[in-house]
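Undergrad: Below: one structure in structure tokens.
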Amino acid sequence: MSAAASRITASVDLDAPGRQLGYYRIPHSDDAMPYGHRGPIAVLAAGEGPTLLLTGGVHGDEYAGPVALMRLVHGLDLAALRGRVIVLPAVNAPAVRAAARCSPLDGGNMNRAFPGDPDGGPTAMIAHWIESRILPLCDAAIDFHSGGKASDYEPIVMLNREPPAVFERAMTLVRAFGVELVWLMGAMNDNRSVNAAAQRTGVPMFACELGGRGESNPAMNDIAWRGALGVMRAMGMLDDEPPLAAQHIRLVEVTHPRCNVVAPHGGLFDPLVELGCEVRAGQLAGWIRDPFEIERPPTAVHFEIDGHLAIRCSRGLVQGGEKLFGLVTDVLAD
Ligand SMILES: [Zn+2]
169 MSAAASRITA
179 SVDLDAPGRQ
189 LGYYRIPHSD
199 DAMPYGHRGP
209 IAVLAAGEGP
219 TLLLTGGVHG
229 DEYAGPVALM
239 RLVHGLDLAA
249 LRGRVIVLPA
259 VNAPAVRAAA
269 RCSPLDGGNM
279 NRAFPGDPDG
289 GPTAMIAHWI
299 ESRILPLCDA
309 AIDFHSGGKA
319 SDYEPIVMLN
329 REPPAVFERA
339 MTLVRAFGVE
349 LVWLMGAMND
359 NRSVNAAAQR
369 TGVPMFACEL
379 GGRGESNPAM
389 NDIAWRGALG
399 VMRAMGMLDD
409 EPPLAAQHIR
419 LVEVTHPRCN
429 VVAPHGGLFD
439 PLVELGCEVR
449 AGQLAGWIRD
459 PFEIERPPTA
469 VHFEIDGHLA
479 IRCSRGLVQG
489 GEKLFGLVTD
499 VLAD
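For the sequence shown, my numbering begins at 169 and goes up steadily by one.
Written as structure tokens, this is what we have:
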């Protein structure tokens, strides 16, 4: 993969100090934008220090990240900054503009687009630019997600366990972020994700899932904003106040296919359990009720393993096979 081959160009100078607010140009010509689309980028830099990449809007209907990152873009006091923050608050800008998970330009899911392709569609072009040109500049990265319109997440951080040295560095940042649940991803991590791109480039990185339902939630926005500041303090990039005490964390994983409870058929989703609960195998989780077949009795859905409920479908009407609940289980000590 050639770094020089990217078709994306940015209006900001990644090496210059100060608060630069600009755009990267996506050379995708269509009827709406014949001379190309654009996405936002900010570079906040002052003095000597590390480089942190903050990304939101990888999926366009997830708001805690974009809201918090826009607070930082305009609110961060450069007099207290030592280092450089590269902010991409709407990575898949066409998807964010459409308030959609995937790009309306090419259907691309940005978290399944890495390492990308400089000659591909707009989603692949952006992914290639980030992996080949942006991530190599960075000492750490955080990718902010939420559940989108379809689901709701208890706040949770996700990171790769490998390689061990990078994992240990990332865990020091996770402890400064302030979220208790930490999902250690193993073989189930998709190698087309931002996490995978950071892993390939050797950048300590974690993603987070903060709420969802397609809403902008004040508590989730605050977790994202305070978390980013906490990580910057832990990296020695801010001297505005002392770092907070490290967050107690609970290491969890998703290793069993039965962590996910899926709808047996389409209909109305009638959930009985809320996020954050500990559930047991065999416990009644909810019902699927089919209003279009009114004589049909409701179908019970049950949890199949013991676990902690971290993900819940937030749709009222679901299809057969759709994920209704996601459980995480504690990582047992070796
Ligand atoms: Zn997402």
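In this text, a Cβ means the ideal position worked out from N, Cα and C, and glycines have one as well. These numbers come from a predicted model, not from an experiment.
Out of Ala-431, Ala-210, Arg-448, state which residue places its alpha-carbon closest to the alpha-carbon of Val-469.
TA: The shortest Cα separation from Val-469 among Ala-431, Ala-210, Arg-448 belongs to Ala-431.
Undergrad: Provide the residue(s) that pair with Arg-457 in DSSP beta bridges, ordered along the chain.
TA: BP columns for Arg-457 point to Leu-436.
Undergrad: Nearest by alpha-carbon distance to His-424: which of Leu-495, Asp-438, Arg-464 is it?
TA: With distances taken between Cα atoms, His-424 lies closest to Leu-495.
Undergrad: Compare the C-beta of Gly-284 with all C-beta atoms of chain D and state if any pair is closer than 8 Å.
TA: Going by chain labels, chain D is absent from the structure shown, which holds only one protein chain.
Undergrad: By a C-beta neighbour count over all protein chains shown, 10 Å radius and 16 as the cutoff for buried, is Ala-178 buried or exposed?
TA: Its Cβ being crowded by 16 or more others within 10 Å, Ala-178 is buried.
Undergrad: Tell me the DSSP bridge mates of Thr-177?
TA: Answer by DSSP bridge pairing, in chain order: Arg-193.
Undergrad: Compute the minimum distance between the beta carbon of Glu-230 and the heavy atoms of ligand 1, and state whether it is under 7 Å.
TA: Answer for Glu-230: yes, Cβ within range of ligand 1.
Undergrad: Report yes if the C-beta of Asn-279 is less than 7 Å from at least one heavy atom of ligand 1; otherwise report no.
TA: Yes; taking the cut-off as 7 Å, the Cβ of Asn-279 has a heavy atom of ligand 1 nearer than that.
Undergrad: Return helix, strand or coil for Leu-443, following the three-state DSSP convention.
TA: Residue state, collapsed to three classes: coil.
Undergrad: Classify His-242: buried if its beta carbon has 16 or more other beta carbons within 10 angstroms, exposed otherwise.
TA: By the neighbour-count rule (16 or more Cβ atoms within 10 Å), His-242 is not buried but exposed.
Undergrad: Taking Cβ positions, are Glu-383 and Tyr-321 nearer each other than 8 Å?
TA: For Glu-383 and Tyr-321, no; Cβs fall outside 8 Å.
Undergrad: Which same chain residues end up closer than 8 Å to Ala-171 when comparing Cβ atoms and leaving out the 5 residues on each side of it in sequence?
TA: Unreliable placement is indicated for Ala-171, whose pLDDT of 49 sits below 50; the coordinate value is still reported in the next sentence. Cβ within range, chain order: Ser-300, Arg-301, Pro-304.
Undergrad: With 16 other CB atoms within 10 Å as the buried threshold, where does Met-201 fall?
TA: Exposed: under 16 other Cβ atoms inside 10 Å.
Undergrad: So what does Arg-426 bridge to, in DSSP terms?
TA: The partner list for Arg-426 (beta bridge, DSSP) is empty, contrary to what the question assumes.
Undergrad: Does the distance from the CB of Gln-451 to the CB of Phe-437 come in under 8 Å?
TA: No, the Cβ-Cβ distance between Gln-451 and Phe-437 is not below 8 Å.
Undergrad: For Met-169, count neighbouring Cβ atoms within 10 angstroms of its own Cβ and tell me buried if that reaches 16, exposed if not.
TA: Any reading at Met-169 needs caution, since the residue's pLDDT is 47, under 50, leaving its predicted position unreliable; the model's value is listed next. Exposed is the call here.
Undergrad: Pick out the complete beta strand (DSSP E) segments inside the region 341 to 408, 3 residues or longer, and give them in chain order.
TA: If we require 3 residues or more, the beta strand (DSSP E) runs fully inside the region 341 to 408 come out as 349 to 353, 373 to 377.
Undergrad: Have a look at Leu-220 and Asn-385 and give me their C-alpha separation to the nearest angstrom.
TA: Spanning the two alpha carbons is a distance of roughly 25 Å.
Undergrad: Relative to the alpha-carbon of Arg-193, which residue among Asn-260, Glu-216, Asp-183, Leu-244 has its alpha-carbon at the smallest distance?
TA: Ranking Asn-260, Glu-216, Asp-183, Leu-244 by Cα distance to Arg-193 puts Asn-260 first.
Undergrad: Buried or exposed: where does Gln-367 fall if 16 or more other Cβ atoms within 10 Å of its Cβ makes it buried?
TA: So Gln-367 counts as buried.
Undergrad: If contacts are defined as beta-carbon pairs under 8 Å, then Gly-315 and Gly-379 qualify, I think. What distance do you get, rounded to the angstrom?
TA: Rounded, the Cβ-Cβ distance is 7 Å, consistent with contact.
Undergrad: Does the contact criterion of 3 or more C-beta pairs under 8 Å hold for the region 243 to 251 versus the region 282 to 291?
TA: The answer is no - the region 282 to 291 does not touch the region 243 to 251, with fewer than three Cβ pairs under 8 Å.
Undergrad: Relative to the C-alpha of Leu-222, which residue among Trp-393, Glu-442, His-416, Phe-460 is closest?
TA: Among Trp-393, Glu-442, His-416, Phe-460, the Cα nearest to that of Leu-222 is on Trp-393.
Undergrad: Mind checking which residues open and close the beta strand (DSSP E) that includes Leu-249?
TA: Element bounds for Leu-249: n/a, residue is neither H nor E.
Undergrad: So, is Phe-460 buried or exposed, given that buried needs 16 or more other C-beta atoms within 10 angstroms?
TA: Exposed, since its Cβ has fewer than 16 Cβ neighbours within 10 Å.
Undergrad: In chain order, what residues of the same chain have a beta carbon less than 6 Å from the beta carbon of Val-486, not counting five sequence neighbours either side?
TA: Ala-431, Phe-437.
Undergrad: Just the C-alpha distance for Gly-408 and Arg-250, rounded to the nearest angstrom, thanks.
TA: The amino acid at residue 408 is misidentified as Gly; the sequence shows Asp. Their backbone Cα atoms lie some 11 Å apart in a straight line.
Undergrad: Near Ile-176, which residues of its chain fall below 7 Å by C-beta distance, leaving aside the five closest residues on each side in sequence?
TA: Taken in chain order, the residues that qualify are Tyr-192, Arg-193, Ile-194, Met-293, Ile-294, Trp-297.
Undergrad: By how many angstroms is the C-alpha of Gly-484 removed from the C-alpha of Ser-197?
TA: So the two alpha carbons sit approximately 37 Å from each other.
Undergrad: Check Arg-265 in the structure and name its three-state DSSP category.
TA: Three-state DSSP puts Arg-265 in a helix.
Undergrad: Check Ala-338 in the structure and name its three-state DSSP category.
TA: In the structure shown, Ala-338 sits in a helix (DSSP, three-state: H, G or I).
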